[in-house]
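Here the numbering used here is used: the first residue of the sequence shown is 1176, the next is one more, and so on.
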Amino acid sequence: MKIALAQINCLIGDIEGNTKNLIAYIERAKREEAQLVVFPELALCGYPPHDLLAYDEFISKCEQAIEVLAKASLGIAVILGAPVRNKGTKGKNLLNAALLLSEGKVQAFAAKALLPDYDVFDEYRHFEPGVTFGCINCKGKKIALTICEDLWDVQEDKLYVRSPMEELLREKPDLMINIAASPFSENQQRTRKNVLHTACKTYQIPLVYVNQVGAHTDLIFDGGSMVLNSQGNLVMEMAYFEQDFRLIDSQLINMAPAVPFEHEYHPEGEAALGKLHKALILGIRDFFSKSGFSKAIMGLSGGIDSALVYALAIEALGKENVLGLLMPSPYSSDHSISDSLQLARNLGGHTETIPISGLIAAFETSLQPSFEGMRADTTEENIQARIRAILLMAYSNKKGYVLLNTSNKSESAVGYGTLYGDMAGSLAVIGDLYKTKVYALAHYLNREEDIIPENILTKAPSAELRPGQKDSDSLPPYEVLDHLLFQYIERQEGPETLIAQGFEPELVARVLSLVNRNEFKRYQSAPALRVSEKGFGSGRRMPLVGKYFAK
């Protein structure tokens, strides 16, 4: 059986547009004489649809689209993901289904049984788990059809009681097909390959795996659909971070030459940084294109964070669509301005400059009667950051720019940022990158030519809100801070374990207190492109008002 793998980029909620795209790929598969074309999980409505699933009209539109797609299946079989109504007498109203369309109608479907509700996933909110398992017959082949998580139960740390594949094995399938919406995070590609390799080797059945590609707000789906033989060897791997379409003959899977696996992962290695780079570019590009915007603005401070975001935005959107706004204050160093201008020259980008000294003076004059006799503190520093946010948002409103936030994960974690100031923005491009990773990615961008000026890479980080200020005045060295934050946030280690790992008790108490006392800031922060195992936002839900770990 000749199978087409259609790794497509969907738009959540755009049922009409997605349907047209699906039909275009179905017709392409027909032209290339495929007998079956396979699409990703929930390809009809996009993943994750969240509470759109609560609207009956939304589900009705999906049902109408399925009828249209069924008519397009004349002369070919189609497997695609869609929400369907649960016809059972118990449970939630919907199933996360993989439909088999052929000869103008729905021939069969499989309902996802293992519904993830950890990290960014919340499928059990709307879907009822599938409870019956049976292979589907397609073009003389018996297919074990599963959806994403259904195949992940081969890991040692099992999260579920049931194993769909073990039940499907009773029918002796010829082929496994798994449709997925598996988001990107660092090392996820390697983990995914290992899981699929283990599944094939365990069940001794070849696998066709089709993953979604594209970004939806914070989640980035990297594609990388693949085919593995019954020994778990990779025989075909599709593109990452872009749409792709490939064909394979099911008869030849076990005879095809194997593709080498990437067995080792080095987070600071060039391969890992290259994937991170592509993920962020896709995240920016899809955020703008799917939201109907084209132009971005950000503040250029002369620091590493804004420099990296500026470079990424220009690559994603084009230099003609990105504006860097310089807003020097009396505390801005000369090199901050010159470094920003050099960055723009290196990239061929556009900048404008608005000094804020007069605005700072106006605020101080207005507040002087109320603040008389009180010493200057972070209040005055925060006013500077908020003045800059006002100017950036004025440009956004007047000229149609979308403001990109330039905060990094280290700052967000410990609250080293001004609410309604430098935390403003519609999308936090590097909000899931620790400061040390920001530097690593900046060096990666400079691997062939100097894009980010050397002085930006080597000078001490500073908010430049008071004379001689440095980040190290308020924070531990980033190498220490980031390691501690990683253990606490990604690895979810508590204070006793952190101290046992060698961190100083005073440092642990201070950093954990900062993280937890600043939850209120993160509740109001811009969504960050998720690239780590545990990003802030929907994947890490902590109480806003609470005491645990806080001093």
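We put the CB at the ideal spot given by N, CA and C, even for glycine.
- Look at His1301 here: in three-state DSSP terms it is coil, with no helix or strand label.
- Assigned with DSSP and collapsed to three states, Ile1529 falls in coil, not helix or strand.
- Comparing C-alpha distances from Phe1468 to each of Leu1602, His1301, Gly1669, Ile1626 shows the shortest one belongs to Leu1602.
- Of all alpha-carbon atoms in Glu1586, Lys1612, Tyr1619, the one lying nearest the alpha-carbon of Ser1649 is that of Glu1586.
- Annotated three-state conformation of Thr1307 is coil, per DSSP.
- Taking all protein chains in view, the Cβ of Thr1377 is surrounded by fewer than 16 other Cβ atoms within 10 Å, so the residue is classified as exposed.
- Out of Ile1428, Ala1536, Ala1288, Gln1210, the CA that lies nearest to the CA of Ile1251 is found in Gln1210.
- Contact between Lys1287 and Phe1302 holds: CB atoms are separated by about 7 Å, below the 8 Å threshold.
- Taking the C-beta atoms as reference points, Val1253 is found no nearer than 8 Å to Leu1270.
- Distance from the CA of Leu1534 to the CA of Gly1596, rounded to the nearest whole angstrom, comes to 15 Å.
- By the Cβ test, the region 1416-1428 is not in contact with the region 1479-1486, since fewer than three Cβ pairs between them sit closer than 8 Å.
- Under the criterion of beta carbons closer than 8 Å, Ile1459 and Leu1487 qualify as touching, at roughly 6 Å.
- The region 1649-1668 makes contact with the region 1690-1710: 3 or more CB pairs, one atom from each, lie closer than 8 Å.
- Sequence-distant partners of Glu1298 (beyond 5 residues in either direction) whose C-beta falls short of 7 Å from its own C-beta, in its chain, are Asn1271, Leu1290, Pro1291, Asp1292.
- Looking at Ala1471, Met1568, His1452, Ile1558, the one whose alpha-carbon comes closest to that of Arg1705 is His1452.
- In this model, Tyr1723 and Gly1524 are separated by some 47 Å (Cα to Cα).
- According to DSSP, Phe1284 shares a beta bridge with Leu1274.
- Secondary structure of Tyr1609 (DSSP, three-state): coil.
- Taking a C-beta distance under 8 Å as the contact criterion, Val1383 and Val1402 qualify as a contact pair.
- Comparing alpha-carbon positions, the option among Ala1684, Val1213, Gly1192, Gln1699 lying closest to Ile1423 turns out to be Val1213.
- Linking Gln1282 to Leu1274 through their CA atoms gives a straight-line distance of about 8 Å.
- Here DSSP, grouped into helix, strand and coil, assigns Leu1704 to coil.
- Note: Gly1256 is bridge-paired with Ala1273 in the DSSP secondary-structure output.
- In this structure, DSSP gives Pro1348 a state outside helix and strand, which the three-state scheme calls coil.
- DSSP places Val1383 inside the beta strand (DSSP E), whose first and last residues are 1382-1386.
- If you look at Val1336, you'll find it isn't in any beta strand (DSSP E); DSSP assigns it neither H nor E.
- Of the candidates Glu1341, Leu1632, Lys1610, Arg1300, Lys1610 places its Cα closest to the Cα of Lys1584.
- Only exposed fits Ala1569, as fewer than 16 other CB atoms lie within 10 angstroms of its CB.
- Contact annotation: Gly1188 and Pro1224 have beta-carbon atoms nearer than 8 Å.
- Taking C-alpha positions only, Ser1248 is separated from Leu1350 by approximately 21 Å.
- Scanning the region 1422-1491 for uninterrupted alpha helix (DSSP H) segments of 4 residues or longer gives 1445-1466, listed from N- to C-terminal end.
- Judged by DSSP secondary structure, Glu1412 falls within the beta strand (DSSP E) whose first and last residues are 1409-1412.
- When beta bridges are read from the DSSP output, Cys1237 appears opposite no residue.
- About 6 Å separates the beta carbons of Cys1310 and Leu1343, which is inside the 8 Å limit, making them a contact pair.
- Judged by DSSP in its simplified three-state form, Met1568 adopts helix.
- Judged by DSSP secondary structure, Lys1645 falls outside any alpha helix (DSSP H); it is assigned neither H nor E.
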